[in-house]
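Asker:
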Amino acid sequence: MSDSNGPVGLSRRELLSKSAAVCASLVVGSSFVASSTAVWAMETNSLSPTAMATLIQMARDIYPHDKIGDEYYAKAVKGYDNADMKGNIEAGIASLDAAAQGRGYANYLAVGWEQERVAILRDMERSPFFQQIRGGLVTGLYNQKEVWPIFGYEGSSFEKGGYINRGFNDINWI
Amino acid sequence: MAAKYDLNDDSVVVIIGTGAGGGVLANELAQKGVSVVALEAGGRHLPKDYINDEWTSFGQLAWTDMRTTSGDWRVSKDFSNLPSWIVKAVGGSTTHWAGASLRFQEHEFRTKTVYGNVPGANLLDWPITLADLAPYYDRAEKKLGVTRTNGIPGLPGNNNYKVFEAGAKKLGYKEVHTGRMAINSKPYDDRNSCQQVGFCFQGCKYGAKWSSAYSDIPKGEATGKLEVRTNAHVIKIEHNNLGEVNGVVYMDEQGRPQRQSARAVCVAGNSLESPRLLLNSASNLFPDGLANSSGQVGRNYMRHMTASVYGIFDKPVRMWRGTTMAGIISDESKHDPSRGFVGGYEMETLSLGIPFMAAFLNPGAWGREFTTALDSYENMAGMWLVGEDMPQETNRVTVNHDVKDQYGMPVANVHFDDHPNDIAMRNHAWKQGTAVYEAVGATRTMPTPPYPSTHNLGTNRMSANPRDGVVNKWGQAHDVKNLFISDGSQFTTGAAENPTLTIVSLAIRQAEYIADQMSRQAI
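As they're listed, the protein sequences go chains A and B. First residue of the first sequence: 2, per our numbering; consecutive thereafter. First residue of the second sequence: 162, per our numbering; consecutive thereafter.
#1: Can you have a look at residue 4 of chain A and say buried or exposed, based on whether 16 or more other CB atoms are within 10 angstroms of its CB?
#2: Report buried or exposed for residue 562 of chain B, applying the criterion of at least 16 other Cβ atoms within 10 angstroms of its Cβ.
#3: Taking residue 141 of chain B as the query, report the chain A residues whose CB atoms sit under 8 Å from its CB, ordered along the chain.
#4: How many angstroms separate the CA atom of residue 192 of chain B from the CA atom of residue 669 of chain B?
#5: Return the chain-ordered ranges of every beta strand (DSSP E) run that is complete within the stretch 31 to 82 of chain A and spans a minimum of 3 residues.
#6: Closer than 7 Å, Cβ to Cβ, to anything on chain A: give me those residues from the stretch 515 to 534 of chain B, in chain order.
#7: Taking only runs of the alpha helix (DSSP H) that begin and end inside the stretch 315 to 394 of chain B, which ones reach a length of at least 4 residues, in chain order?
#8: Can you list, in chain order, the residues of the stretch 226 to 238 of chain B whose Cβ is nearer than 9 Å to any Cβ on chain A?
#9: When the Cα of residue 175 of chain B is compared with those of B:596, B:646, B:505, B:535, which residue comes out closest?
#10: Closer than 7 Å to a non-hydrogen atom of the ligand FMN - does that hold for the CB of residue 147 of chain A?
#11: At the level of alpha carbons, what is the spacing between residue 301 of chain B and residue 307 of chain B?
#12: Any Cβ of chain A within less than 8 Å of the Cβ of residue 298 of chain B?
#13: Determine contact between the stretch 543 to 554 of chain B and the stretch 656 to 663 of chain B, defined as no fewer than three beta-carbon pairs at a distance below 8 Å.
#14: At what residues does the alpha helix (DSSP H) containing residue 149 of chain A begin and finish?
#15: Hey, would you say residue 10 of chain A sits closer than 8 Å to residue 20 of chain A, going by beta carbons?
#16: Tell me which residues share the same chain as residue 265 of chain B and place their Cβ nearer than 7 Å to its Cβ, disregarding the 5 neighbours each side in the sequence.
#17: Would residue 115 of chain A and residue 104 of chain A qualify as a contact pair, given that the criterion is a beta-carbon distance under 8 Å?
#18: Let me know the secondary structure DSSP gives residue 496 of chain B once reduced to three states.
#19: Any beta carbon from chain B within less than 8 Å of residue 174 of chain A's own beta carbon?
#20: Please determine, among B:323, B:571, B:347, the residue with the shortest C-alpha to C-alpha distance to residue 312 of chain B.
#21: Any residues in the stretch 336 to 356 of chain B with a beta carbon nearer than 7 Å to a beta carbon of chain A? Which ones, in chain order?
#22: Quick one: grab the DSSP three-state call for residue 4 of chain A.
#23: Buried or exposed: where does residue 479 of chain B fall if 16 or more other Cβ atoms within 10 Å of its Cβ makes it buried?
#24: Quick one: list the residues of chain B neighbouring residue 140 of chain A, beta-carbon separation under 9 Å, in chain order.
#25: Alpha carbon to alpha carbon, what distance is there between residue 596 of chain B and residue 505 of chain B?
#26: Could you tell me whether the stretch 452 to 460 of chain B touches the stretch 192 to 211 of chain B, using the rule of 3 or more Cβ pairs below 8 Å?
#27: Any idea if residue 2 of chain A is buried or exposed, counting beta-carbon neighbours within 10 angstroms, 16 or more meaning buried?
#28: List in chain order: all unbroken alpha helix (DSSP H) runs of 4+ residues lying wholly within the stretch 183 to 235 of chain B.
#29: If you reduce the DSSP assignment to three classes, tell me which class residue 625 of chain B lands in.
#30: Once the 5 residues before and after residue 314 of chain B are set aside, which same chain residues still bring their CB inside 8 Å of it?
#31: Output the distance between the C-alpha atoms of residue 464 of chain B and residue 637 of chain B, rounded to the nearest integer angstrom.
#32: What residue does the alpha helix (DSSP H) around residue 86 of chain A start on, and which one ends it?
#33: Since residue 114 of chain A meets chain B, which of its residues come closer than 9 Å, beta carbon to beta carbon?
#34: List the residues of chain E that residue 135 of chain A touches, going by C-beta distances under 9 Å, in chain order.
#35: Helix or strand or just coil, what does DSSP make of residue 681 of chain B?
#36: Flag this pair as yes or no: are the beta carbons of residue 248 of chain B and residue 611 of chain B separated by less than 8 Å?
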């Protein structure tokens with residue numbers, strides 16, 4: 002990976018020097034959240050970078066796909082990063098962090114095992130905050146065309162003439 | 162050239178809706194020289210406009226006006242304002258239907274006689290028999306170009322079908338094939354043959370699947386007798402002081418109210434909107450809703466017993482490639498009460514893309530139990546299970562006076578509770594569907610709950626006795642001689658089969674009756 006300018010206008014080295022790790026895969030800076038390898042970064046507007054990192058982790062814990070990078074989860078929750086949503090989202094994250102503190106952790110992001118984070122989410126799965134985030138992910142995550150190939154899904158086929166000559170009946174093991 | 166009629170022209174037959182019922186009726190009447198105004202709530206979208214993308218297409222075509230729900234069905238919990246997935250566009254739900262074109266079985270026209278007393282079910286024999294409808298089934302199959310009829314070959318099986326067929330044969334099922342489909346296996350009626358695109362539910366971009374949008378409607382318009390008005394949303398049917406209907410009020414494209422005079426009115430807005438319109442047309446003469454002296458308008462709502470099974474294998478299937486409904490097992494469609502329920506069900510392949518699979522595989526589910534299933538999407542095969550559900554008087558469409566649509570009209574509330582027979586049939590179907598995939602080595606199977614209803618039936622049902630239903634054997638309202646119901650809401654019972662072929666057959670038959678009644682000056 003070269004040191005070209007990233008999405009927040011910083012080189013990879015600059016970005017890493019201006020950020021701190023919040024969990025295994027994410028770092029945050031003054032106004033951005035990025036992957037710990039700095040292959041992607043996202044600026045935040047209304048939400049704090051730590052709040053955005055918490056949402057990204059929560060999104061992954063709700064719909065964990067090990068082959069899907071944080072970047073796609075980040076895109077799926079980016080819509081909450083605005084002044085209108087900020088109050089509700091911060092209150093929801095505060096409740097997540099409080100639940101983590103009740104289990105002896107500094108905050109939700111400090112809970113190391115997915116299983117424990119999921120236990121926290123199970124306890125709050127009927128809350129409007131959880132349902133808002135989960136419901137939004139159904140389209141926010143799975144309707145990103147960029148993630149479809151990760152599942153093998155090929156999307157639109159009309160412009161390629163359908164599958165009549167491209168394997169509609171190519172199964173060879175049945 | 163398409164016709165153009167004056168709003169005050171009271172010689173026209175007004176048809177509300179342009180789908181399998183209304184679209185076919187409009188063309189059939191126009192062919193007979195009858196003047197027709199068809200009012201379509203949605204816009205006109207043709208194959209070049211259809212989109213191979215599930216959610217974008219949904220936004221383009223689906224009926225998303227507000228509705229409310231109640232009852233113990235899971236759709237009410239997961240999709241409380243989307244009880245039904247139907248289309249608001251010229252062609253109605255023939256735009257997104259899968260194309261399965263099956264005749265009802267003889268006994269399915271007389272279920273009260275054959276099934277006997279089923280507690281809680283409001284069963285009734287149809288006032289017509291299979292023999293009455295058979296000549297119209299013949300004509301409907303020719304119109305639609307149904308495969309495996311009239312010498313038209315079946316479609317080739319895709320990957321999803323091959324898995325399904327192999328499992329079915331291992332289980333000993335005998336009636337297994339690639340279906341009777343209104344999808345061209347070779348060019349027919351100026352429509353292309355199927356290119357195995359795989360987005361049948363999003364509108365066929367090749368026009369290989371029959372739809373009234375690009376078959377019956379343009380043929381009707383070419384007669385010079387049919388005018389289709391799009392974005393014309395009917396809100397009320399009006400009548401004279403004799404109790405005969407004489408016009409409809411609709412909101413036009415600009416949101417302005419218009420009134421079209423009519424000699425007769427045919428309602429074909431699908432089984433949620435059709436009863437809603439009759440109920441919203443209540444008047445001093447018809448205080449409980451138009452044509453509702455029986456109290457049956459909106460009642461006996463049926464949606465078919467539905468469910469799905471998805472199977473995951475250790476190797477790729479790629480079920481999304483090719484025809485969505487690519488084959489059928491009919492062995493379970495018979496009436497065999499030894500299985501613990503009356504009526505039967507069909508098993509039909511189905512696939513969803515990743516976006517819809519995420520939404521419908523197990524709505525509300527999350528965590529690895531859910532996501533590991535999607536991780537195996539490429540190795541998944543899928544089938545839909547569709548069977549006869551029991552009509553119940555309490556399953557009904559009512560108007561919700563607390564919630565109004567964009568025109569200020571009360572919306573439809575859809576109440577549905579599963580009947581014990583529906584539950585017993587669904588459990589049997591899940592077990593058999595699972596067995597089909599396990600027979601060919603599925604490593605995981607997922608019994609999947611019903612989707613929002615695509616088969617909405619029965620809310621203005623046919624009956625021999627006016628006390629028991631809304632319309633007679635011609636779909637003519639018992640109470641109002643120049644008012645007709647022309648969609649699946651006239652079904653007395655639902656049968657196991659996908660309803661479109663029967664809706665089309667009834668529309669062809671009804672057109673003959675209406676033209677005859679007009680020529681006799683009876684209406």
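Cβ coordinates follow ideal geometry from the N, Cα and C atoms, glycine included.
Answerer: By the coordinates alone:
#1: Here residue 4 of chain A is taken as the residue at index 3 of the first sequence, counted from 1. At residue 4 of chain A the pLDDT is 42, less than 50, meaning the model places this residue with poor confidence; the figure from the coordinates comes in the next sentence. So residue 4 of chain A ends up on the exposed side.
#2: Here residue 562 of chain B is taken as the residue at index 401 of the second sequence, counted from 1. Counting Cβ neighbours within 10 Å, residue 562 of chain B comes out exposed, since fewer than 16 surround it.
#3: There is no way to answer for residue 141 of chain B, as the model of chain B reaches only from 162 to 684.
#4: Mapped onto the second sequence, residue 192 of chain B falls at position 31. Mapped onto the second sequence, residue 669 of chain B falls at position 508. Whole-angstrom Cα-Cα distance: 11 Å.
#5: Runs found: 33 to 36, 42 to 44.
#6: Correct list: 515, 516, 519, 520, 527, 528, 529, 532.
#7: Look at the stretch 315 to 394 of chain B and you find these whole runs of alpha helix (DSSP H), each 4 residues long or longer: 320 to 332, 377 to 383.
#8: Flagged: no residues at all.
#9: The residue you call residue 175 of chain B lines up with position 14 of the second sequence. Ranking the options by Cα distance to residue 175 of chain B, first place goes to B:646.
#10: This structure simply doesn't include the ligand FMN, nor any ligand for that matter.
#11: Sequence index remark: in the second sequence, residue 301 of chain B carries index 140 (1-based). Sequence index remark: in the second sequence, residue 307 of chain B carries index 146 (1-based). Answer to the nearest angstrom: the Cα atoms are 8 Å apart.
#12: Along the second sequence, read from residue 1 onward, the residue named residue 298 of chain B stands at position 137. Chain A places no beta carbon closer than 8 Å to that of residue 298 of chain B, leaving this residue out of the contacts.
#13: Output reads yes: the stretch 656 to 663 of chain B touches the stretch 543 to 554 of chain B.
#14: Stepping through the first sequence from its first residue, residue 149 of chain A is reached at position 148. Counting along the chain, the alpha helix (DSSP H) containing residue 149 of chain A begins and ends at 149 to 152.
#15: Position 9 of the first sequence, counted from the start, is the residue given in the question as residue 10 of chain A. Position 19 of the first sequence, counted from the start, is the residue given in the question as residue 20 of chain A. It is not a contact, given that the beta carbons lie outside the stated cut-off.
#16: The residue labelled residue 265 of chain B in the question sits at position 104 within the second sequence. Within the same chain, residue 265 of chain B has close Cβ partners 291, 656, 658, 663.
#17: Here residue 115 of chain A corresponds to residue number 114 of the first sequence, with the count starting at 1. Here residue 104 of chain A corresponds to residue number 103 of the first sequence, with the count starting at 1. In this structure, residue 104 of chain A does not lie closer than 8 Å to residue 115 of chain A by Cβ.
#18: Here residue 496 of chain B refers to the residue found at position 335 when the second sequence is read from its first residue. Residue 496 of chain B sits in coil when the DSSP states are folded into three classes, being neither helix nor strand.
#19: The residue given as residue 174 of chain A occupies position 173 in the first sequence. Yes, because at least one Cβ of chain B sits closer than 8 Å to the Cβ of residue 174 of chain A.
#20: On the second sequence, residue 312 of chain B is found 151 positions in, with the first residue counted as 1. When each option's Cα is compared against that of residue 312 of chain B, the closest is B:347.
#21: Interface annotation for the stretch 336 to 356 of chain B against chain A: 356, criterion Cβ-Cβ distance under 7 Å.
#22: Here residue 4 of chain A refers to the residue found at position 3 when the first sequence is read from its first residue. Because residue 4 of chain A carries a pLDDT of 42, less than 50, the predicted location of this residue cannot be relied on, and the following value inherits that uncertainty. Three-state result, residue 4 of chain A: coil.
#23: Your numbering for residue 479 of chain B matches position 318 in the second sequence. Counting Cβ neighbours within 10 Å, residue 479 of chain B comes out buried, since at least 16 surround it.
#24: Working through the first sequence from its first residue, we reach residue 140 of chain A at position 139. One finds 216, 516, 519, 520 in chain B with Cβ atoms closer than 9 Å to the Cβ of residue 140 of chain A, taken in chain order.
#25: Walking along the second sequence from the start, residue 505 of chain B turns up at place 344. Walking along the second sequence from the start, residue 596 of chain B turns up at place 435. Those two C-alpha atoms are separated by around 17 Å.
#26: No, they do not touch.
#27: Taking the first residue of the first sequence as position 1, residue 2 of chain A is located at position 1. Bear in mind that a pLDDT of 37 at residue 2 of chain A, under 50, signals an unreliable position, so the model cannot answer this.
#28: Taken in chain order, the whole alpha helix (DSSP H) runs of length 4 or more contained in the stretch 183 to 235 of chain B are 183 to 192, 215 to 222.
#29: Within the second sequence, residue 625 of chain B is the residue found at index 464, counting from 1. In this structure, DSSP gives residue 625 of chain B a state outside helix and strand, which the three-state scheme calls coil.
#30: For the purposes of this step, residue 314 of chain B is taken as the residue at position 153 of the second sequence. So the qualifying residues of the chain are 308, 346, 347.
#31: As a position in the second sequence, residue 464 of chain B is number 303, starting the count at 1. As a position in the second sequence, residue 637 of chain B is number 476, starting the count at 1. Near 23 Å, if we compare the C-alpha coordinates of residue 637 of chain B and residue 464 of chain B.
#32: Counting from one through the first sequence, the residue named residue 86 of chain A turns up at place 85. Here the alpha helix (DSSP H) through residue 86 of chain A covers 84 to 103.
#33: Against the first sequence, residue 114 of chain A aligns to sequence position 113. What residue 114 of chain A touches in chain B: nothing, since even the nearest Cβ is about 13 Å away.
#34: Within the model displayed, chain E is absent; protein chains A and B are what it includes.
#35: Counting from 1 along the second sequence, the entry for residue 681 of chain B is found at position 520. Looking at residue 681 of chain B - three-state DSSP - the assignment turns out to be coil, as it is neither helix nor strand.
#36: Translated into positions along the second sequence, residue 248 of chain B becomes position 87. Translated into positions along the second sequence, residue 611 of chain B becomes position 450. No.
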